[in-house]
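First the structure, in the form of structure tokens, and then the observations on it.
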Amino acid sequence: GENVEQHPSTLSVQEGDSAVIKCTYSDSASNYFPWYKQELGKRPQLIIDIRSNVGEKKDQRIAVTLNKTAKHFSLHITETQPEDSAVYFCAATFGNQFYFGTGTSLTVIP
Amino acid sequence: DAGITQSPRYKITETGRQVTLMCHQTWSHSYMFWYRQDLGHGLRLIYYSAAADITDKGEVPDGYVVSRSKTENFPLTLESATRSQTSVYFCASSEWDSYEQYFGPGTRLTVT
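Shown next as structure tokens:
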């Protein structure tokens, strides 16, 4: 199966600063890489995703980059706001299955 | 999000008991998934289903049974619950031609 590692496990930033979360994966056949945001007590929600034929994707303050050669992808959040505080999960596909990272708890300090 | 629901939302059961967690989606999505979420492990896939009557094992299937007689329902049964199965369980669904998964609200299960 796939192995997805996510770093850091916790991250604190000042409001307005940028946050970067990194994930590595093991299966070179993986072709879809979503990022989910989970607020306390809530369900995971997709915030951005990228396919293996694309190197970067942006959606307002959120961007994801993918390096297929190195088998890593990253989530970038710019101009962070307190409502960005949550746990973020990366995932990589293995066939029809998702393998998730262990999560990053992001705290944005006002 | 209201299109995928789980019941019960909270459940306390005793070791050795059988318990069934329900998942229902109104989108007619082909794929449905069951995950468990534990601290330090993120989300791990238990079972998934590509269509009615088609199911397959995920990363951590031991101790669980699934069925899918109708497209909209995907129940998860713990045949003999153990304390290690205390967790939050999420159901998810996706269209046949899309990787994007939509998650249900979760069921918090405690096995005493």
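Residue numbers (the working numbering), protein chains in the order written: chain A, 47 to 156; chain B, 33 to 144. Quick reminder that beta carbons are idealized off the backbone N, C-alpha and C, glycines included. Just so we're clear, the structure is a prediction, and the values are computed from it rather than from any experiment.
Unbroken beta strand (DSSP E) stretches of 3 residues or longer found wholly inside the stretch 55-83 of chain B: 63-70 and 74-83, given in chain order. In the three-state reduction of the DSSP assignment, arginine 107 of chain A falls in the coil class.
Using beta-carbon distances, aspartate 95 of chain A counts as an interface residue toward chain B, with a partner under 8 Å.
Residues of chain B whose Cβ lies closer than 8 Å to the Cβ of phenylalanine 135 of chain A are, in chain order, Gly74 and Leu75.
Under DSSP, the beta-bridge partners assigned to serine 120 of chain A are A/Lys68 and A/Thr111. The Cβ atoms of cysteine 69 of chain A and glutamate 51 of chain A lie closer than 8 Å to each other. No Cβ of chain B is located within less than 8 Å of the beta carbon of asparagine 99 of chain A.
Listed along the chain, the chain B residues whose CB falls inside 9 Å of the CB of threonine 56 of chain A amount to none; the nearest CB is some 12 Å away. In the structure shown, proline 80 of chain A adopts extended strand secondary structure according to DSSP, grouped into three states.
Between the alpha carbons of asparagine 105 of chain B and serine 39 of chain B lies a gap of roughly 11 Å.
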